[in-house]
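Undergrad: Residue numbers (this note's numbering): 37 to 420. One structure coming up, written as structure tokens, with questions to follow.
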Amino acid sequence: MVNVYADNQTYPGPLGETVAGLPLVDHHVHGALRAAVDRPTFESLITEGPKPHSEGTAFDSQVGFAIRRWCAPLLGLQPHATADEYWARRCELGEEAVNRRLLGAAGTGTYLIETGYLGDAVLTPEEHAEAARAAAREVVRLETVAEGLLGKVDSGRAFVAEYPTVLEEASRAAVGTKSIIAYRAGFDVDPARPEDAEVVKAVDRLLGSAPGCVRVDDPVVLRYLLWCGVDRGLPLQLHSGYGDPDLDLHRANPLLLMPWLRQVEPTGVPVMLLHNYPYHREAGYLAQMFDNVYFDVGLGLFYSGSQSAQIVAESLEVAPFTKQLYSSDAWGPSELHLLGALLWRRGIARVVGRWVQEGEWALHDAERVLNLIGHENARRVYRL
Ligand SMILES: [Zn+2]
């Protein structure tokens, strides 16, 4: 793990050196691309939109400019190289070399990799760790485990009887579980644990509508999986806010989880609200209100590029410093793994560095907070 961007121009101010040396734990991330893709595919991977826009290029955005500024030099180009120059050089090097250069430069020490989405297109946790010269642990998606089991059982009764054991086995080596209920049903579902009979009926309906290949989008089944995640006892990650266009964004506002959080808090199971943008302030509020709620502002960081310091600043408003974690939420192009780390480091160095310079914070307190958010909170909560 070498952070090549360790100079004091990249991370200016009194915290530059501390920030550059942080052995980040990226607590929500996916693997880097396994093989080269064509340019339209690459451009579709640097936006959350469902398809490329009909006009212009995805490089004409904050993330595109950040790629040309920060990734180009790592591929041997000048900073701000054009999109065409960047693309030509990237193709020339090939995916393996690009991954080694960009992941190697991110300086992330440990990746907690969620393997539930298009797993064949990206590196496995072991391969990703090797390419990044870092450590990797796995996080298991509740819905993916359920969909695997639905391909094997023929009744709702069998599903309910087997799912907890199958989840236990699938997550034996994992450090956490994850739910995407926000995108399949929304957070405004009934917060209560559903009765087994209700789940059996809902699964029978799913199996009847699409035997063999089932996408779990039934709110009763999704709630059941969520509660099985709570029972499993590992930190439970919830995708929140910005992300897939599957569902209306306002239904992925984490404030809608409050009735459910009131029920889960007594279990002590950590609830990890992922990325949250544009509801990161709401997530910070929940982290203050609930003892077991943690959050991050990944994803929003690389998409907002040179504006990301503002999101970092907003993440440091009301939440206790022991309740925030670092993540990139990168999936695919290793540009995103690099930018997640680099822009977070730059953002926090600028924001907190200014408070130190203005006498609001003591330097040693600032350094302590950087270490908490950068890696110590994750090590403590996930027991790494
Ligand atoms: Zn993700």
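C-beta atoms are modelled at their ideal positions from N, C-alpha and C, and glycine is treated no differently.
When burial is assigned at 16 or more other CB atoms within 10 Å of the CB, is Cys226 buried or exposed?
TA: The sequence shown places Asp at residue 226, not Cys. So Asp226 ends up on the exposed side.
Undergrad: What does a CB cutoff of less than 8 Å around Ala355 pick up in its chain, not counting 5 residues either side in sequence?
TA: Around Ala355: Ala319, Gly320, Tyr321, Ala323, Gln324 and Phe331.
Undergrad: If you measure from the CB of Val275, is any heavy atom of ligand 1 nearer than 8 Å?
TA: In the sequence on display, residue 275 carries His and not Val. Yes, since a heavy atom of ligand 1 falls inside the 8 Å radius drawn around the Cβ of His275.
Undergrad: Could you tell me if the beta carbon of Glu150 falls within a distance shorter than 8 Å of some heavy atom in ligand 1?
TA: Flag set: Cβ of Glu150 near ligand 1.
Undergrad: Applying the criterion that 16 or more other CB atoms from any shown protein chain within 10 Å of the CB defines a buried residue, is Leu178 buried or exposed?
TA: Its Cβ being crowded by 16 or more others within 10 Å, Leu178 is buried.
Undergrad: Indicate the three-state DSSP secondary structure (helix, strand or coil) for Ile149 in the structure shown.
TA: Note: Ile149 maps to strand in three-state DSSP.
Undergrad: Give the secondary structure of Gln114 by DSSP, where H, G and I count as helix, E and B as strand, and everything else as coil.
TA: Note: Gln114 maps to coil in three-state DSSP.
Undergrad: Would you list the residues sitting across from Ala68 in a DSSP beta bridge?
TA: Answer is Gly368, bridged to Ala68.
Undergrad: How many angstroms separate the CA atom of Val38 from the CA atom of Ala141?
TA: In this prediction, Val38 has a pLDDT of 46, which is less than 50 and means its spatial position is unreliable; nothing more can be read from the coordinates.
Undergrad: May I ask which residues mark the beginning and end of the alpha helix (DSSP H) holding His411?
TA: Careful: His411 lies outside any alpha helix (DSSP H) and carries neither H nor E.
Undergrad: From this set, Ala246, Asp224 and Trp397, which residue's C-alpha is nearest Leu291's C-alpha?
TA: Looking at the Cα atoms, Asp224 is the closest of the given residues.
Undergrad: Is the beta carbon of Gly130 less than 9 Å from the beta carbon of Ala197?
TA: Going by C-beta atoms, Gly130 is not nearer than 9 Å to Ala197.
Undergrad: Assign Leu154 to buried or exposed, taking buried as 16 or more other Cβ atoms, counted over all protein chains shown, within 10 Å of its Cβ.
TA: Leu154 comes out exposed.
Undergrad: Enumerate in chain order the residues of its own chain whose CB-to-CB distance from Gly304 is below 7 Å, with the five nearest sequence positions on each side excluded.
TA: Taken in chain order, the residues that qualify are Asn328.
Undergrad: State the start and end residues of the unbroken alpha helix (DSSP H) segment that holds Thr180.
TA: Per DSSP, Thr180 belongs to the alpha helix (DSSP H) from Leu178 to Leu186.
Undergrad: Just to check my reading of the structure: Tyr147 and Ala170 have Cβ atoms closer than 8 Å, yes? What is that Cβ distance to the nearest angstrom?
TA: The Cβ separation is near 6 Å, so the contact holds.
Undergrad: How big is the Cα-Cα spacing for Asp43 and Phe195?
TA: Going by the C-alpha atoms only, they are around 55 Å apart.
Undergrad: Verify the contact flag: Leu310, CB atom, against every heavy atom of ligand 1, threshold strictly below 8 Å.
TA: Correct: Leu310 has its Cβ closer than 8 Å to ligand 1.
Undergrad: Is there at least one non-hydrogen atom of ligand 1 closer than 8 Å to the beta-carbon of Val305?
TA: Outside the cutoff, so no.
Undergrad: What's the gap between the Cα of Leu60 and the Cα of Tyr362?
TA: Approximately 7 Å, taken between the alpha carbons.
Undergrad: From what residue to what residue does the beta strand (DSSP E) around Gln273 run?
TA: Here the beta strand (DSSP E) through Gln273 covers Leu272 to Ser276.
Undergrad: Alpha helix (DSSP H) containing Val257: first to last residue?
TA: Per DSSP, Val257 belongs to the alpha helix (DSSP H) from Pro255 to Arg268.
Undergrad: I need the straight-line Cα distance from Val392 to Ile384, nearest angstrom please.
TA: Roughly 12 Å between the two C-alpha positions.
Undergrad: In this structure, how does DSSP classify Ser245 when only helix, strand and coil are distinguished?
TA: Ser245: helix per DSSP, three-state reduction.
Undergrad: Taking 8 Å as the cut-off, does the CB of Gly368 come closer than this to any heavy atom belonging to ligand 1?
TA: Not under cutoff, so the answer is no.
Undergrad: Please tell me whether, using a cut-off of 8 Å, the distance from the CB of Tyr321 to the nearest non-hydrogen atom of ligand 1 is below it.
TA: Result no, Cβ not under 8 Å from ligand 1.
Undergrad: How far does the alpha helix (DSSP H) with His316 in it reach, from first residue to last?
TA: Where His316 is concerned, the enclosing alpha helix (DSSP H) stretches over His316 to Met325.
Undergrad: Looking at His400 and ligand 1, is the gap between the Cβ and the nearest heavy atom below 8 Å?
TA: No, the Cβ of His400 stays beyond 8 Å of every heavy atom of ligand 1.
Undergrad: For Lys359, collect the residues of the same chain with a Cβ closer than 6 Å to its Cβ; drop the 5 residues on either side in sequence, then sort them by chain order.
TA: Within the same chain, Lys359 has close Cβ partners Ala323 and Tyr330.
Undergrad: Which value, in whole angstroms, describes the spacing of the CA atoms of Tyr418 and Ala206?
TA: Straight-line Cα distance between these residues: approximately 17 Å.
Undergrad: Whose C-alpha, out of Asp74, Leu138, Ala398 and Pro86, is nearest the C-alpha of Arg104?
TA: Taking only the C-alpha atoms, the option nearest Arg104 is Leu138.
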